[in-house]
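Asks:
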Amino acid sequence: MKSIETLLQVYRETKTASHTRLELIGAFDKDVYNITAPFTWFGKEYIAGRVEARDSEFAEVRFFENTAKDTYQLVENTTILALQDPFVTFVQGELIIGGVEVFPKESDRAMLDWRTNLYRATSLTDFEQIFTGPIGMKDLRVKELTDGRILVLTRPQGEKGGRGKIGAIVINSLADLTIEQIEKAPLLKRNFSGDEWGGGNEIHLLEDGRIGVLGHIACFDEAGDRHYYACSFCLNEDFTQIEQEKIIAERADFAPSEPKRPDLADVVFSGGLIRNSDGTAELYAGIGDSDAQKLTIPDPFKNN
Numbered sequence: 003m004k005s006i007e008t009l010l011q012v013y014r015e016t017k018t019a020s021h022t023r024l025e026l027i028g029a030f031d032k033d034v035y036n037i038t039a040p041f042t043w044f045g046k047e048y049i050a051g052r053v054e055a056r057d058s059e060f061a062e063v064r065f066f067e068n069t070a071k072d073t074y075q076l077v078e079n080t081t082i083l084a085l086q087d088p089f090v091t092f093v094q095g096e097l098i099i100g101g102v103e104v105f106p107k108e109s110d111r112a113m114l115d116w117r118t119n120l121y122r123a124t125s126l127t128d129f130e131q132i133f134t135g136p137i138g139m140k141d142l143r144v145k146e147l148t149d150g151r152i153l154v155l156t157r158p159q160g161e162k163g164g165r166g167k168i169g170a171i172v173i174n175s176l177a178d179l180t181i182e183q184i185e186k187a188p189l190l191k192r193n194f195s196g197d198e199w200g201g202g203n204e205i206h207l208l209e210d211g212r213i214g215v216l217g218h219i220a221c222f223d224e225a226g227d228r229h230y231y232a233c234s235f236c237l238n239e240d241f242t243q244i245e246q247e248k249i250i251a252e253r254a255d256f257a258p259s260e261p262k263r264p265d266l267a268d269v270v271f272s273g274g275l276i277r278n279s280d281g282t283a284e285l286y287a288g289i290g291d292s293d294a295q296k297l298t299i300p301d302p303f304k305n306n
């Protein structure tokens, strides 16, 4: 994959974007960020968001119902999932919601571990946990393909993935999803370079039969501050290689807001993408680990 420096240079030469503040009402003194794109379920439009106190990493996933343009109200009396960074998809018509569980590390209770969990939802009060991911892995994503199989994107770190690279594997059904399958998923070719890292956030089935991925790409600077950018790329026909990667948004494109911490001031975390018929798209993203906004951009999967 091309470096952040190269991708940013290309992006800044051509970018056209306009931001919109979202009204996410009902969380009171807590932050709502790292939201999903809006999704329609049983005739209503929802956004799922990460809700937490400014000084905490222990989050809840809550649901917000659309009540007016760009306005969403917290739905009360729902099941509350103790997860970070929610994502949603539909498999065989059923809503699958996932997120990152954070818990004390077994070897040192003062430190934290994490894993990605998947739930099948039949209502906002009925969630069945259907998968518990490997410890230490975020950015696990699933998508039902046109032939009914499931594309799985993984994000190992450490010996296999460094600070974080994307892998992919195709399974026959969600029932076949196992930690063993995830851990053996090969890394995609043309992955993140050097000390840069990233992950997939949302998988799209494109009109020409290809797979498009909304993701994020990130790096540290010399001061140890994080820099996260929204990106997109496509997969080749056999899901083994990243192609046509591009940065599609940076922090400066969004409205000002106070970050969770100073080192998170330049963070855009992709949540979801709504593709419009007019060649534009709406990017829903978390900003600075404290805010949620929408950005209207050219559809990154058009004219690739």
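Per the numbering used here, residue 3 is the first one in the sequence shown, and the count goes up by one each step. Ideal placement from N, C-alpha and C gives every residue a C-beta, glycine not left out. Bear in mind that the values here come from a model prediction, so they are computed numbers and not experimental data.
Keeping to the same chain, check which residues put their C-beta closer than 8 Å to that of residue 26; ignore five residues upstream and five downstream.
Replies: For the purposes of this step, residue 26 is identified with residue 24 of the sequence shown, where counting begins at 1. So the qualifying residues of the chain are 34, 37, 49, 51, 66, 74, 76 and 294.
Asks: Can you tell me whether residue 88 is helix, strand or coil according to DSSP?
Replies: The count along the sequence shown starts at 1 and reaches residue 88 at position 86. In this structure, residue 88 counts as strand in the three-state DSSP scheme.
Asks: So what's residue 147 in DSSP terms, helix, strand or just coil?
Replies: For the purposes of this step, residue 147 is taken as residue 145 along the sequence shown, with counting starting at 1. Residue 147: coil per DSSP, three-state reduction.
Asks: How do the stretch 169-178 and the stretch 99-117 stand: do at least 3 beta-carbon pairs fall below 8 Å, yes or no?
Replies: At 8 Å Cβ cutoff, the stretches do not touch.
Asks: Would DSSP call residue 185 helix, strand or coil?
Replies: Translated into positions along the sequence shown, residue 185 becomes position 183. Three-state DSSP puts residue 185 in a helix.
Asks: Would residue 302 pass as a contact of residue 287 if the rule is Cβ separation under 8 Å?
Replies: Residue 302 sits at position 300 when you count from the first residue of the sequence shown. Residue 287 sits at position 285 when you count from the first residue of the sequence shown. Not a contact, by the Cβ cut-off of 8 Å.
Asks: Measure from the alpha carbon of residue 212 to the alpha carbon of each residue in 13, 250 and 246, then state which is nearest.
Replies: In the sequence shown, residue 212 corresponds to position 210, counting from 1. Nearest of 13, 250 and 246 to residue 212, Cα basis: 246.
Asks: Drop a sphere of 10 angstroms on the beta-carbon of residue 2, count the other beta-carbons inside from all chains shown, and report buried for 16 or more, exposed for fewer.
Replies: Since the first residue of the chain shown is 3 and the last is 306, residue 2 is not available in this structure.
Asks: Leaving out the 5 sequence neighbours to the left and right, which residues in its chain are closer than 6 Å to residue 274 when beta-carbon positions are compared?
Replies: For the purposes of this step, residue 274 is identified with residue 272 of the sequence shown, where counting begins at 1. Counting only Cβ-Cβ distances below 6 Å, and skipping sequence neighbours, we find 38, 39, 204 and 286.
Asks: Quick one: what does DSSP say residue 77 is sitting in, helix, strand or coil?
Replies: For the purposes of this step, residue 77 is taken as residue 75 along the sequence shown, with counting starting at 1. Coil, per DSSP.
Asks: Label residue 109 either buried or exposed according to how many other C-beta atoms from any shown protein chain fall within 10 Å of its C-beta, with 16 as the threshold for buried.
Replies: Within the sequence shown, the letter at position 107 stands for residue 109. Label assigned to residue 109: exposed.
Asks: Could you check the C-alpha separation between residue 15 and residue 160 for me, to the nearest Å?
Replies: Taking the first residue of the sequence shown as position 1, residue 15 is located at position 13. Taking the first residue of the sequence shown as position 1, residue 160 is located at position 158. Going by the C-alpha atoms only, they are around 35 Å apart.
Asks: Counting C-beta neighbours from all protein chains within 10 Å, is the total for residue 215 16 or more, i.e. buried, or is it exposed?
Replies: Within the sequence shown, the letter at position 213 stands for residue 215. Looking at its Cβ environment, which holds 16 or more other Cβ atoms inside 10 Å, residue 215 is buried.
Asks: Shortest alpha-carbon distance to residue 7 belongs to which of 139, 41 and 230?
Replies: As a working note, residue 7 is residue 5 in the sequence shown. If we check each option's Cα against that of residue 7, 230 comes out closest.
Asks: Residue 267 and residue 290 look like a contact to me (Cβ under 8 Å); what is the Cβ gap, rounded to whole Å?
Replies: Position 265 of the sequence shown holds residue 267. Position 288 of the sequence shown holds residue 290. Confirmed, Cβ separation roughly 6 Å.
Asks: Going along the chain, which unbroken runs of the beta strand (DSSP E) with 3 or more residues stay wholly within the stretch 97-158?
Replies: As far as the stretch 97-158 is concerned, its whole beta strand (DSSP E) runs of at least 3 residues are 110-125, 128-134, 143-146 and 152-156.
Asks: In angstroms with no decimal places, state the Cα-to-Cα distance between residue 44 and residue 129.
Replies: Counted from its first residue, the sequence shown places residue 44 at position 42. Counted from its first residue, the sequence shown places residue 129 at position 127. Taking the straight line joining both Cα atoms gives about 15 Å.
Asks: Residue 10 by DSSP, collapsed to three states: which one?
Replies: As a position in the sequence shown, residue 10 is number 8, starting the count at 1. It is helical.
Asks: Do three or more CB pairs link the stretch 136-147 to the stretch 90-97 at distances below 8 Å?
Replies: Because the criterion of three Cβ pairs below 8 Å is met, the stretch 136-147 and the stretch 90-97 touch.
Asks: For residue 158 and residue 202, what's the separation of their Cα atoms in angstroms?
Replies: Position 156 of the sequence shown, counted from the start, is the residue given in the question as residue 158. Position 200 of the sequence shown, counted from the start, is the residue given in the question as residue 202. Each residue's alpha carbon lies about 12 Å from the other.
Asks: Spatial neighbours of residue 97 within its chain, please: CB distance less than 7 Å, with the 5 preceding and 5 following residues excluded, ordered by chain position.
Replies: Taking the first residue of the sequence shown as position 1, residue 97 is located at position 95. 43, 90 and 123, listed in sequence order.
Asks: How far does the alpha helix (DSSP H) with residue 51 in it extend, from its first residue to its last?
Replies: Within the sequence shown, residue 51 is the residue found at index 49, counting from 1. Residue 51 -> not in any alpha helix (DSSP H); beta strand (DSSP E) instead, spanning 46-54.
Asks: Please state the DSSP three-state secondary structure of residue 265.
Replies: Locating residue 265 in the sequence shown gives position 263, where the first residue counts as 1. Note: residue 265 maps to helix in three-state DSSP.
Asks: For residue 171, which option in 194, 30, 241 and 265 has the closest C-alpha, if you only look at C-alpha atoms?
Replies: By one-based count along the sequence shown, residue 171 stands at place 169. Taking only the C-alpha atoms, the option nearest residue 171 is 241.
Asks: Under the DSSP definition of a beta bridge, which residues are partnered with residue 227?
Replies: Position 225 of the sequence shown, counting from 1, holds the residue named residue 227. Residue 227 is not bridged to any residue.
Asks: Taking residue 72 as the reference, which of 198, 151, 257 and 296 has the closest Cα?
Replies: As a first step, residue 72 is located in the sequence shown; it is residue number 70 there, counting from the start. Residue 296 is the option with its Cα nearest to residue 72.
Asks: For residue 60, count neighbouring Cβ atoms within 10 angstroms of its own Cβ and tell me buried if that reaches 16, exposed if not.
Replies: For the purposes of this step, residue 60 is taken as the residue at position 58 of the sequence shown. Residue 60 comes out exposed.
Asks: If you draw a straight line from the alpha carbon of residue 85 to that of residue 133, how long is it in whole angstroms?
Replies: Here residue 85 corresponds to residue number 83 of the sequence shown, with the count starting at 1. Here residue 133 corresponds to residue number 131 of the sequence shown, with the count starting at 1. Those two C-alpha atoms are separated by around 14 Å.
Asks: Please report the residue range of the alpha helix (DSSP H) in which residue 161 lies.
Replies: Locating residue 161 in the sequence shown gives position 159, where the first residue counts as 1. Where residue 161 is concerned, the enclosing alpha helix (DSSP H) stretches over 160-163.
Asks: Following the continuous beta strand (DSSP E) through residue 250, name the residue where it begins and the one where it ends.
Replies: Here residue 250 corresponds to residue number 248 of the sequence shown, with the count starting at 1. Per DSSP, residue 250 belongs to the beta strand (DSSP E) from 244-251.
Asks: Let me confirm a value: residue 118 is counted as buried when at least 16 other C-beta atoms fall within 10 Å, else exposed. Which label applies?
Replies: Within the sequence shown, numbered from 1, the residue matching residue 118 stands at position 116. Buried, since its Cβ has 16 or more Cβ neighbours within 10 Å.
Asks: Pull the bridge partners of residue 300 from the DSSP assignment, please.
Replies: Here residue 300 corresponds to residue number 298 of the sequence shown, with the count starting at 1. Beta-bridge pairing links residue 300 to 282.
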